[in-house]
Amino acid sequence: MHSTDPTGDGAEGRGNQDRTGLRLRGRDREVTAAREALDVVRGGRGACVVVEGAAGAGKTRFLAELDRMARRSGFDVVSVRADELDQYAAGAALQAALQSSDGSHRAVAEAGDQRLWLLDSITDALEDRAQRAPVAVLVDDAQWADPATLFVLRTLPGRLAASRILWVLAVRSDTERLIVSRVREDLERLGARWLTLGPLPQQDLERIAADVLGVTPSPGLARLLRGVAGNPFLAIELVRAFGDTDAGRMEAGEASLLHDGIPVSFRRSVAARVDRLPEDAVRLLQIGSVLGREFDLGTAARMLGRQVGSLLSGVEAALNAGLLSGDGPRLAFRHDLARQAVHDDLPLAVRTALHREAAESLRGTGARPAEVAWHVVMSGGPVDDDAVTTMTTAVRDMSSSAPDAAADLAQRVAGLLSPHDGRRIALLTDAAEYLGRTRRVHEALDLVDATLPEGLEPLQEARLRLVAAEIHQASGDDAAAMTHLQKALGLPGLPSDLRVRLLKTKATGHVYLGDVTAAEQTGTGLVEASYRSDDPAVIVSAMVFQSQADFYRGHLDSALELAEEATRRAATQPAALYLRPPRIPALWLATVLTVTDRLADTERILREGQREAEALGLGWSLSHWHAARACALLEQGALDDAAVEAEASLMVADELEVTPVNPQARSVLALVEIRRGDLAKAADHLRAAETGSGTNVQRYGPWVALSRACLADAEGEGGKAAAALEASFARNEPTRLLALAPSHWPTIVRIALSGEDRSLGQAVSGALRSLTVQNETRRIIGAVRAHVDGLLDRDPRALETAVTGYRSSGRPLALAGACEDLGELMAASADTTQAIPCLEEAGRLASASGAGRDQERIRRRLRRLGVRTAPVRSSSVGPQGRGDLTESEQKLIPLVVEGLTNRAIADRLYVSVHTVNTHMKHIFAKLGINSRVELTRLSIERGIGADEDG
């Protein structure tokens, strides 16, 4: 794929003519639609157009016309054209085109998965351009685009819908490439406009013939044109090949279609020109047709056993015949249909042999692996050792930016090898690993299941089972992961490094399952061995594991000390930054800090870690960072911001095709909506959380169980609510309790008592008693224990102690809960006047946090005590004002007006760009607008988002 300028400077002033002088005929409706799309983008909104048609229907010519129209309208045009050889290329040609045209070069991420870096770097480049002028991104022959560019085209039109960017893809209607079908489906969901370039009417074909000849075509030529099935390119080629004087020699039967859609008449037109050429030119065209639409003359000379100089006369003859173009650094067929006609005219045995020879020749000259891979695939095998090595390199090069395409190629290469070739299993193992990074998890596990019965060597089986275990762990199915790990560890003769990886993964699984004892027993000797390692990442990982074991046993002081040391070491050892959740030191440190008196430090840790993950392109971790920040913000009572971070977690997981989505983020959204009072939305989020969380005893079980219980409680089903908590929290130990932040612990007891399950409340109290003994200096632990005891014993003094303890904790909703519980208890006493200030404070705290349902409940209680309060304001969506915008959203608007991109806003506010993206979507929805231009106008006209103090 390469950057193109279809019109060139000479196109100006020629109307709808291309550089050959021919007018664009019969596409007035499509041109009007393209002009409308340009107008939409000039108005401030993004738009997407898909141009579809058969080969030769005029897609490239139409894009040239659109390019001309866009440039005349002041657009900045980025144009790229794919080639058949790009299908196995690593990297994104769209990114290369952006960098080459503006000279910008963002440092390449070192991470194994570069999808986040790829999306963010292209987003930044396009946003910067769109701030200066509207942008048109034109991608021709998208059916052959490299997988990374197709991934970008699936994702960015939605992300950048509010920016002045027009996306135009030209694609063949008969493409069978699966990844292209996904692009089409995603763009259709986004509302892309579909333009189908169908067959042209006879009168337009005759006008084209007249344009070529300079005179009206004769009746004989007109009859001949009926055989091109309305295809403008074929019409032009026929006219150029035979002219009006030769038309009478053609027989009507020669215009029938072949099985591949190329008329006999066109094949004969190409054959006629080839027959008139000298032998050197014929051989050059045949070899060139094998090498691709564009080909290197030196490579063709080597395959012909000739010197380049000896081919010059053949080159000149092919150029003069109009079959080749020499405008670029490589020779090129003027249209791929011409190349296909020459290529298909070769006998099949000759074609496959030439593709095999081309692969060998290109590999010997250091050509890119993707180009060699295409020829190997076209040759159909068998493949030699060098070819397998090159193909494997192509697979691994592609895996960082397009893991699903890399998996497909790996399986295709494996299919070329004999069943007993050991490299075949390695390729299938890689394919399963790459599929596990995408939404195609079920395909990955099916591939594992299909490969395991093949009589593998122990080493092969162990590696495959490790991949399967890691996929299951990432999917939340820790029990299935344990089955694979147990079987792998039972295999004989495994190398020590692989055995250590299996044991570490198993120990992590036990941590996920909440079985700390089993985790420690699995890791016996591993920790000591890790500290002797020369690899800093291994040492950091061991520290995190120790911290996790101490944490879930309730030893918070030692857990915090180890987490801080691991984070400090990771900051100076780059290799440690690539550890996977939950072993990312800073992410784990934030989890530990959330249950200590240093909750405020959690925000700083998570912001820094989140931005570092973005900068390094660690896309696989980003959804976890956002989910963790959502949990921390929920603990701080910032419901709106917690929801934004949870949505950002889901959004980045969707963009990067991480599956399944983190149920923790869905659970946070459910809890926020319950607090707000939208139980229907909460139920939707809960269903999604339960779909992706596995059983309730697994990793995210406590969060899902809490959400389920809170929803049932809000719906008045106390018994059902208490039952939802039983499996996770009935044990008298802190392990599962510590999976949640402290402000949720009294909620468990409150629901248990409402559901008449006092034993569950006592189990929580017992776990807290154990925590208090081990962490006497932790004020938040003492406050929560007092709160829980106050609920269980209906003890106002204990609740007063909880209120006092919460005041300095930075947990306003926990304080509101204690105040409400104390007020309710006092309201049942003889002197109800003491209840009023408690409930009023609880109402103020709930209102400040955006907990509308809590506020309404407290308001009803105050009314029963004779206190009238203002009704709770309900949210509404519309373009009339700023009242529904959150404080965080209002901070963004002046920066948009200032002209900052989302990336620049994120840098200014020191937050994730994905957080900014989510805020922007909320702003647009609340104000009923679709673009940054409309937001700027509203801000100026109505003062929306303006600084009230300014």
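Under this note's numbering, read the sequence shown as residues 8 to 957, first letter to last.
Idealized CB from N, CA, C, for every residue including glycine.
Fair warning: this is a prediction, and the values are worked out from it, not measured in the lab.
Would residue 903 and residue 913 be called neighbours here (beta carbons separated by less than 7 Å)?
Position 896 of the sequence shown, counting from 1, holds the residue named residue 903. Position 906 of the sequence shown, counting from 1, holds the residue named residue 913. In this structure, residue 913 does not lie closer than 7 Å to residue 903 by Cβ.
Quick one: Cα of residue 931 to Cα of residue 387, how far?
Along the sequence shown, one-based indexing puts residue 931 at 924. Along the sequence shown, one-based indexing puts residue 387 at 380. Their Cα atoms are separated by approximately 52 Å.
Near residue 517, which residues of its chain fall below 7 Å by C-beta distance, leaving aside the five closest residues on each side in sequence?
Stepping through the sequence shown from its first residue, residue 517 is reached at position 510. Here the set comprises 525, 526, 529.
Which of the three DSSP states, helix, strand or coil, is assigned to residue 86?
Locating residue 86 in the sequence shown gives position 79, counting from the first residue. Correct three-state label for residue 86: strand.
Which one or two residues does DSSP pair with residue 58 in a beta bridge?
Locating residue 58 in the sequence shown gives position 51, counting from the first residue. Answer is 177, 202, bridged to residue 58.
How many angstroms separate the CA atom of residue 415 from the CA atom of residue 283?
Here residue 415 corresponds to residue number 408 of the sequence shown, with the count starting at 1. Here residue 283 corresponds to residue number 276 of the sequence shown, with the count starting at 1. Each residue's Cα considered, the two are about 43 Å apart.
Taking residue 163 as the reference, give the member of 178, 133, 138 with the closest Cα.
Numbered from its first residue, the sequence shown carries residue 163 at position 156. The option with the nearest alpha carbon to residue 163 is 133.
Spatial neighbours of residue 256 within its chain, please: CB distance less than 6 Å, with the 5 preceding and 5 following residues excluded, ordered by chain position.
By 1-based counting over the sequence shown, the position of residue 256 is 249. In this prediction, residue 256 has a pLDDT of 46, which is less than 50 and means its spatial position is unreliable; what the coordinates show is noted afterwards. Contacts found: none.
Is residue 338 near residue 330, with beta carbons less than 7 Å apart?
Stepping through the sequence shown from its first residue, residue 338 is reached at position 331. Stepping through the sequence shown from its first residue, residue 330 is reached at position 323. Not a contact, by the Cβ cut-off of 7 Å.
Within 10 Å of its beta-carbon, does residue 756 have 16 or more other beta-carbons around it, so buried, or fewer, so exposed?
Position 749 of the sequence shown, counted from the first residue, corresponds to residue 756. With 16 or more other Cβ atoms within 10 Å, it is buried.
Who are the Cβ neighbours of residue 211 in its own chain at under 6 Å, not counting the five residues just before and after it?
Counted from its first residue, the sequence shown places residue 211 at position 204. Cβ within range, chain order: 32, 33.
So, residue 778 versus residue 741, is the Cβ gap smaller than 7 Å?
Here the question's residue 778 lines up with position 771 in the sequence shown. Here the question's residue 741 lines up with position 734 in the sequence shown. At a Cβ-Cβ threshold of 7 Å, residue 778 and residue 741 count as neighbours.
Evaluate residue 544 with the Cβ neighbour count: other Cβ atoms within 10 Å of its Cβ, from every protein chain shown; 16 or more gives buried, anything less gives exposed.
Here residue 544 refers to the residue found at position 537 of the sequence shown. Residue 544 is buried by the Cβ-count criterion.
Taking only the alpha-carbon atoms, compute the straight-line gap between residue 500 and residue 774 and give it to the nearest angstrom.
The residue you call residue 500 lines up with position 493 of the sequence shown. The residue you call residue 774 lines up with position 767 of the sequence shown. Spanning the two alpha carbons is a distance of roughly 44 Å.
Please classify residue 449 as buried or exposed, where buried requires at least 16 other C-beta atoms within 10 Å of its C-beta.
Counted from its first residue, the sequence shown places residue 449 at position 442. With fewer than 16 Cβ atoms within 10 Å of its Cβ, residue 449 is classed as exposed.
Where does residue 301 fall in DSSP's three states?
Within the sequence shown, numbered from 1, the residue matching residue 301 stands at position 294. In the structure shown, residue 301 sits in a strand (DSSP, three-state: E or B).
Could you check where the beta strand (DSSP E) with residue 144 kicks off and where it finishes?
Position 137 of the sequence shown, counting from 1, holds the residue named residue 144. Run containing residue 144: 142-147, per the beta strand (DSSP E) assignment.
Using only alpha-carbon positions, find the residue among 184, 358, 684 that is nearest to residue 861.
Your numbering for residue 861 matches position 854 in the sequence shown. Nearest option by C-alpha distance: 684.
Please go through the same chain and pick out, in chain order, the residues whose beta-carbon is closer than 6 Å to the beta-carbon of residue 487, but skip the five residues on each side of it.
As a working note, residue 487 is residue 480 in the sequence shown. Counting only Cβ-Cβ distances below 6 Å, and skipping sequence neighbours, we find 479.
Residue 180 and residue 63 - do their beta-carbons sit closer together than 7 Å?
Locating residue 63 in the sequence shown gives position 56, counting from the first residue. Locating residue 180 in the sequence shown gives position 173, counting from the first residue. Their beta carbons are not under 7 Å apart, which means residue 63 does not touch residue 180 by this criterion.
Three or more beta-carbon pairs under 8 Å between the region 808-824 and the region 787-794, yes or no?
yes
What's the C-alpha gap between residue 94 and residue 106?
Along the sequence shown, one-based indexing puts residue 94 at 87. Along the sequence shown, one-based indexing puts residue 106 at 99. Cα atoms of residue 94 and residue 106: separation of roughly 21 Å, rounded to the nearest angstrom.
Could you pull the DSSP bridge partners for residue 75 from this structure?
Position 68 of the sequence shown, counted from the first residue, corresponds to residue 75. Its beta-bridge partners do not exist; DSSP assigns none.
Determine the direct distance from the alpha carbon of residue 393 to that of residue 279, and round the result to whole angstroms.
For this step, residue 279 is matched to residue 272 along the sequence shown. For this step, residue 393 is matched to residue 386 along the sequence shown. Each residue's CA atom was taken as its position, placing residue 279 and residue 393 some 40 Å apart.
From the DSSP output, in three-state form, read off residue 394 for me.
Residue mapping note: residue 394 aligns to position 387 of the sequence shown, counting from 1. Helix.
What did DSSP end up calling residue 434 once you bin it into helix, strand or coil?
On the sequence shown, position 427 is the one that residue 434 refers to. Three-state result, residue 434: helix.
Return helix, strand or coil for residue 660, following the three-state DSSP convention.
Your numbering for residue 660 matches position 653 in the sequence shown. Of the three classes helix, strand and coil, the one that applies to residue 660 here is helix, per DSSP.
Starting from residue 452, trace the alpha helix (DSSP H) in both directions and tell me its first and last residue.
Indexing the sequence shown from 1 puts residue 452 at position 445. Residue 452 -> alpha helix (DSSP H) spans 448-458.
Apply the 10 Å Cβ neighbour rule to residue 917 and answer buried if 16 or more other Cβ atoms are within range, or exposed otherwise.
Here residue 917 refers to the residue found at position 910 of the sequence shown. Exposed, since its Cβ has fewer than 16 Cβ neighbours within 10 Å.
With distance defined between alpha-carbon atoms, name the residue in 670, 710, 286, 924 nearest to residue 317.
Within the sequence shown, numbered from 1, the residue matching residue 317 stands at position 310. With distances taken between Cα atoms, residue 317 lies closest to 286.
Can you give the beta carbon distance from residue 441 to residue 413, rounded, assuming they're within the 8 Å contact cut?
Start at 1 with the first residue of the sequence shown, and residue 441 comes out as number 434. Start at 1 with the first residue of the sequence shown, and residue 413 comes out as number 406. Indeed, because the Cβ distance is near 5 Å, the residues count as touching under 8 Å.
Between which two residues does the alpha helix (DSSP H) harbouring residue 339 extend?
In the sequence shown, counting from the first residue as 1, residue 339 sits at position 332. First-last for residue 339: 338-340, but that is the beta strand (DSSP E), not the alpha helix (DSSP H).
Which residues does DSSP pair with residue 331 in a beta bridge?
On the sequence shown, residue 331 is found 324 positions in, with the first residue counted as 1. DSSP output for residue 331 lists 340 as bridge partner(s).
Report yes if the C-beta distance between residue 295 and residue 307 is below 7 Å; otherwise report no.
Numbered from 1 along the sequence shown, position 288 holds the residue referred to as residue 295. Numbered from 1 along the sequence shown, position 300 holds the residue referred to as residue 307. Contact flag set, yes.
Find the nearest neighbour of residue 817 within the set 606, 148, 370, judged by alpha-carbon distance.
Against the sequence shown, residue 817 aligns to sequence position 810. Considering only alpha carbons, the answer is 606.
In three-state DSSP terms, what is residue 943?
Position 936 of the sequence shown holds residue 943. It is helical.
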